[in-house]
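Residue numbers (my numbering): 2 to 177.
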C-alpha cells in the first residue's frame with residue numbers, strides 16, 4: 002500500500018473500514034402516530050370518555066345523597082367513643098328518626114311511634130327485625146329512663162350494630 006492510499010484511508014469518513022466508504026445510511030420511516038386515524042377508534046374513544054364522565058357524575062351524586070347516612074354513623078361512633086355506650090344508645094332513637102326524615106317524606110315519618118315506627122323501619126330494611134326481639138328495645142330506650150332499659154353491654158352493642166346497619170343499608174325513597 003502506498004503512502005497516498007494510507008493517507009486517504011486515515012482521512013476517510015469511515016475510519017477503520019475503508020470498504021464501506023460511500024455507502025449511504027438507511028433512512029428510517031417516521032414514528033407511528035399515537036392518535037388513531039380511523040374514525041371508528043375516534044368514536045370509541047369519545048364513547049369511553051362520555052361513559053367515564055357519566056359514571057363519575059353518578060358516583061358523585063350517590064355520594065352526596067348519602068351524606069346524611071355518613072353523618073349519622075359518625076355521630077353514633079362519636080357518642081360511643083366520647084360518652085360511652087349508654088350515651089350512644091340513648092341517642093339512637095333520635096338519630097334513626099332524623100335519618101328517616103332525611104330519607105323519606107316528612108308526612109310518612111314524623112307521626113310514627115311505637116310498633117308502627119318499628120314496622121316502618123322493618124319495611125325499609127332487609128336486616129334483623131326491629132319489631133321483635135332486641136329491636137323492640139329501641140322503644141324502651143326512647144321512652145323509658147336508663148334504669149328501665151334492661152340492656153346488658155352485649156345487648157347494647159348489638160342494638161348499636163342494628164342501628165348502624167339500618168342507617169347504612171336502608172332503602173331510600175323512590176327517587177334514590
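Think of the CB as a built atom: it goes at the ideal place given N, C-alpha and C, for glycine as much as any other residue.
- For the set 52, 100, 63, the Cα lying nearest the Cα of residue 70 is the one of 100.
- Closest in alpha carbon position to residue 86, among 165, 161, 56, is 161.
- In the structure shown, the three-state DSSP call for residue 117 is helix.
- Residue 167 sits in a helix when the DSSP states are folded into three classes.
- Residue 104 is not a Cβ neighbour of residue 63, given a cutoff of 8 angstroms.
- In the three-state scheme derived from DSSP, where H, G and I count as helix and E and B as strand, residue 142 is classed as helix.
- Contact check for residue 89 against residue 77 passes: the beta carbons are separated by less than 8 angstroms.
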